[in-house]
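2 protein chains.
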Amino acid sequence: MADSRRRILEAARVVVAEQGYAAAQVAVVASVADVATGSVYRHFPSKASLFAEMLRAVCDRELAVVRAIADERDRPALERIGDAVATFADRALRGEGLAYAVIVEPMDPGVDQVRLAARARLAEVFGGLIEEGMAAGQLAAQDAGLRGAAVVGAMLEALVAPLSRRAAATATGGGAGYPGGRRPGTTTATPMDSDAGTPGGRRTGAAAPDREAITEEIAAFCRAAVGGFPAQKEDRK
Amino acid sequence: MADSRRRILEAARVVVAEQGYAAAQVAVVASVADVATGSVYRHFPSKASLFAEMLRAVCDRELAVVRAIADERDRPALERIGDAVATFADRALRGEGLAYAVIVEPMDPGVDQVRLAARARLAEVFGGLIEEGMAAGQLAAQDAGLRGAAVVGAMLEALVAPLSRRAAATATGGGAGYPGGRRPGTTTATPMDSDAGTPGGRRTGAAAPDREAITEEIAAFCRAAVGGFPAQKEDRK
DNA sequence: CTCCGGAATGAATCTCAGTTCATTAATGAA
DNA sequence: TTCATTAATGAACTGAGATTCATTCCGGAG
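Protein chains in written order, with this note's numbering: chain C, 11 to 247; chain V, 11 to 247.
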């Protein structure tokens, strides 16, 4: 049944989101998915491909959301950039799809390429937006590719601190070389609603007290970075 | 001899910088350092602690450079921010100390904490600079902590693309994650000239027609992000 | 010259997690 | 009901690589 496949993918996502990749052995994922260890290999050729596919799906969803905003051609580029950033951040902060681990925790090299690729695609989107803005005379001349990447980096790094509050340390007796062998009662926090709605998820109104503030601050940073300084001031926020 | 210790640390740095963490087995590092595998454990309690120490040293050096600029109290904060960013980026691009692998390649969890901590300290420096700027009335009100992190993220992410051009792929199975394990017998396949010389890192004199440009663009991005938009325009460029 | 103590050695050991596969259970057609 | 086909199972296997440790080596003291 192809339903097992879905369950395994979902289990992989949940385990990584809640426990970190280090804890995501095939056996653990299998047990969360309620299948036997060996069954995983009936659906995926290897552990790496399982996690790569999972990560790709998660990233694709977020990318789709951002792209949707980027494609609203009738709005000024700067505004779309701010909105896209804010939406991405907001979704990350409320755990819809992305999670601390998925953004910054390293998995193995094979899987990591997927994350890198996702970042690159995201950067492309922002780069494209910047180019549009320049073409429309709304933004000053700048290196769109580089700044697109910078926007992505700023956005993600700014999210790390807020997100890690929710994501306790992963640890794994591994690095014995260090005092304090972490393991503060395994996370298990996030309820992780079975699955976020469809990619359509836009920012919804009310939210946590500071979530809104964080989101807006990040967006403001990115808007200023790209259009704040030599551009014409016609676009006020 | 405490000299072995130094050599081992240096070897660890060289191997990671040139081959990536994936290739950095204890045996490889030992051979580069010209000591026996077991000798590594005479100086370090574990592989993780060796790499953690190495990474900490590298990061400390960069951090010191940035701090030195940040401490030039008589210059306007915004200027110092731009300078610090430019300097960090330039050093990274010419391989002085940092390298692609050190910035983005995942090591194991224990070691990664060191990288995370380094990023956090860097963010603090920028955050502090922003605060100074606000206190001096040079920068508009903003969340210094968050923006400090964003500056770091922007800077690092913008460096990834330029740096990865020089950073050979880490190999180790393709993204597809299919079987067919690489690694034919000897891991020591690579020649690995024992030189290592000074931390200078031999970089082909391909010059940097754009190194300067990249550096300046990143700095401009960060300056604009932090002070471009509502602040007084007294600081032009 | 011979004898210690500690450092270096590197092959052997141990661990651990991904992968395999012989076996069992389930489904459904004859 | 029975057989065939496919999915599921999970214990055993395997390989990679970190760690260990019995042994060798070396410099200096007696």
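Each residue gets a CB set at the ideal place from its N, CA and C atoms; glycine is no exception.
The structure displayed is predicted, hence computed values, not measured ones.
Tell me the rounded alpha-carbon separation between V:Met11 and V:Ile18. Against the second sequence, residue 11 of chain V aligns to sequence position 1. Against the second sequence, residue 18 of chain V aligns to sequence position 8. Distance between the alpha carbons of V:Met11 and V:Ile18 is about 12 Å.
Inspect the beta-carbon positions of C:Gly61 and C:Ala78 and report whether they are closer than 9 Å. The residue labelled residue 61 of chain C in the question sits at position 51 within the first sequence. The residue labelled residue 78 of chain C in the question sits at position 68 within the first sequence. In the sequence as displayed, the identity of residue 61 of chain C is Phe instead of Gly. No.
For the candidate residues V:Ser56, V:Ser49, V:Ala223, V:Ala151, whose alpha-carbon lies nearest to that of V:Gly120? By one-based count along the second sequence, residue 120 of chain V stands at place 110. The residue with the shortest Cα to Cα distance from V:Gly120 is V:Ser56.
From the DSSP output, in three-state form, read off C:Ala166 for me. For the purposes of this step, residue 166 of chain C is taken as the residue at position 156 of the first sequence. Per the sequence shown, residue 166 of chain C should be read as Leu rather than Ala. If DSSP states are grouped into helix, strand and coil, C:Leu166 belongs with the helices.
Taking all protein chains shown into account, do 16 or more other C-beta atoms lie within 10 angstroms of the C-beta of C:Ala32, making it buried, or fewer, making it exposed? Residue 32 of chain C sits at position 22 when you count from the first residue of the first sequence. It counts as buried.
Test: V:Phe231 CB closer than 9 Å to a CB of chain C: Translated into the one-based positions of the second sequence, residue 231 of chain V becomes position 221. Closer than 9 Å: yes.
Near C:Ala21, what residues of its chain come up, given a Cβ to Cβ distance below 7 Å and the 5 sequence neighbours on each side ignored? The count along the first sequence starts at 1 and reaches residue 21 of chain C at position 11. Closer than 7 Å at the Cβ level, and outside the excluded window around C:Ala21, lie Val39, Val42, Ala43.
From what residue to what residue does the alpha helix (DSSP H) around V:Ser41 run? Indexing the second sequence from 1 puts residue 41 of chain V at position 31. V:Ser41 -> alpha helix (DSSP H) spans 36–43.
Which of helix, strand or coil DSSP assigns to V:Met64: As a first step, residue 64 of chain V must be located in the second sequence, where it is residue number 54. V:Met64: helix per DSSP, three-state reduction.
Got a sec? Which residues, its chain only, sit under 8 Å from C:Ala46 by beta carbon, not counting five neighbours each side? To locate residue 46 of chain C, count along the first sequence from 1; it is residue 36. Contacts found: Ala40.
Under a three-way DSSP split, which group does C:Gly158 fall into? Against the first sequence, residue 158 of chain C aligns to sequence position 148. Note: C:Gly158 maps to helix in three-state DSSP.
Taking the alpha carbon of V:Arg16 as the reference point, which residue from V:Gly30, V:Phe231, V:Ala27, V:Ala67 has its own alpha carbon closest? Taking the second sequence and counting its residues from 1, one reaches residue 16 of chain V at position 6. Out of V:Gly30, V:Phe231, V:Ala27, V:Ala67, V:Ala67 has the C-alpha closest to the C-alpha of V:Arg16.
Can you confirm whether C:Arg23, when its beta carbon is compared against all beta carbons of chain V, has any partner nearer than 9 Å? By 1-based counting over the first sequence, the position of residue 23 of chain C is 13. Judged by the 9 Å Cβ criterion, C:Arg23 is not in contact with chain V.
Are there 16 or more other CB atoms within 10 angstroms of the CB of C:Ala102, so buried, or fewer, so exposed? Residue 102 of chain C sits at position 92 when you count from the first residue of the first sequence. Buried.
Of the residues that make up the segment 151–170 of chain V, which ones have a beta carbon closer than 8 Å to any beta carbon in chain C? Gln152, Asp153, Gly155, Leu156, Arg157, Ala159, Ala160, Val161, Val162, Gly163, Ala164, Met165, Leu166, Glu167, Ala168, Val170
Does DSSP put V:Pro119 in a helix, in a strand, or in coil? In the second sequence, the residue the question calls residue 119 of chain V occupies position 109. V:Pro119: helix per DSSP, three-state reduction.
Looking at V:Leu173: is its Cβ nearer than 9 Å to the Cβ of V:Ile91? Along the second sequence, one-based indexing puts residue 173 of chain V at 163. Along the second sequence, one-based indexing puts residue 91 of chain V at 81. In this structure, V:Ile91 does not lie closer than 9 Å to V:Leu173 by Cβ.
Anything in chain C within Cβ reach of V:Ile113, meaning under 7 Å, just list it in chain order. Translated into positions along the second sequence, residue 113 of chain V becomes position 103. Per Cβ cutoff of 7 Å: no residues; V:Ile113 is ~11 Å from chain C at best.
From which residue to which residue does the alpha helix (DSSP H) around V:Asp153 run? What you label residue 153 of chain V is simply residue 143 of the second sequence in a count that begins at 1. No alpha helix (DSSP H) contains V:Asp153, which DSSP labels as neither H nor E.
Determine the direct distance from the alpha carbon of V:Ala168 to that of C:Asp136, and round the result to whole angstroms. Within the first sequence, numbered from 1, the residue matching residue 136 of chain C stands at position 126. Within the second sequence, numbered from 1, the residue matching residue 168 of chain V stands at position 158. First, the amino acid is wrong: residue 136 of chain C is Phe here, not Asp. Cα to Cα, the separation comes out at about 13 Å.
Could you tell me the distance, in whole angstroms, from the CA atom of V:Gly155 to the CA atom of V:Gly237? Numbered from its first residue, the second sequence carries residue 155 of chain V at position 145. Numbered from its first residue, the second sequence carries residue 237 of chain V at position 227. Their Cα atoms are separated by approximately 15 Å.
Kindly list the residues whose CB is nearer than 6 Å to the CB of C:Ser14, restricted to its own chain and excluding five residues on each side of it in sequence; keep chain order. As a position in the first sequence, residue 14 of chain C is number 4, starting the count at 1. Excluding positions up to five away in sequence, the list reads Val45.
Span of the alpha helix (DSSP H), counted from its first residue to its last, around C:Ala21: Taking the first residue of the first sequence as position 1, residue 21 of chain C is located at position 11. Segment 12–29, the alpha helix (DSSP H) holding C:Ala21.
Under 7 Å Cβ-Cβ, which residues of chain V neighbour C:Asp122? Your numbering for residue 122 of chain C matches position 112 in the first sequence. Within chain V, the residues near C:Asp122 are Pro116.
Give me the residue from V:His53, V:Ala94, V:Ala133, V:Leu65 with the minimum Cα distance to V:Val25. The residue labelled residue 25 of chain V in the question sits at position 15 within the second sequence. Residue V:Leu65 is the option with its Cα nearest to V:Val25.
Does C:Arg90 come out as helix, strand or coil in the three-state DSSP assignment? The count along the first sequence starts at 1 and reaches residue 90 of chain C at position 80. Helix.
Cutoff 9 Å: C:Thr196 Cβ touching any chain V Cβ: Position 186 of the first sequence, counted from the first residue, corresponds to residue 196 of chain C. With a pLDDT of 33 at C:Thr196, under the threshold of 50, the predicted position of this residue should be treated as unreliable, though the coordinate-derived value follows. C:Thr196 does not count as touching chain V.
Simplified DSSP state of C:Glu82, which is helix, strand or coil: Position 72 of the first sequence, counting from 1, holds the residue named residue 82 of chain C. Three-state result, C:Glu82: coil.
V:Glu134: contacting residues in chain C (beta-carbon distance under 8 Å): Numbered from 1 along the second sequence, position 124 holds the residue referred to as residue 134 of chain V. Within 8 Å Cβ-Cβ: nothing; V:Glu134 doesn't reach chain C, min ~11 Å.
Run through chain C and tell me which residues come within less than 8 Å of V:Glu227, C-beta to C-beta. Position 217 of the second sequence, counted from the start, is the residue given in the question as residue 227 of chain V. Within chain C, the residues near V:Glu227 are Gln152, Asp153, Leu156, Arg157.
Can you give the beta carbon distance from V:Ala235 to V:Ala164, rounded, assuming they're within the 8 Å contact cut? Translated into the one-based positions of the second sequence, residue 235 of chain V becomes position 225. Translated into the one-based positions of the second sequence, residue 164 of chain V becomes position 154. Going by Cβ atoms, the distance from V:Ala235 to V:Ala164 rounds to 7 Å, so yes, they are a contact pair.
Taking V:Leu166 as the reference, give the member of V:Arg157, V:Val36, V:Val95 with the closest Cα. Numbered from its first residue, the second sequence carries residue 166 of chain V at position 156. It is V:Val95.
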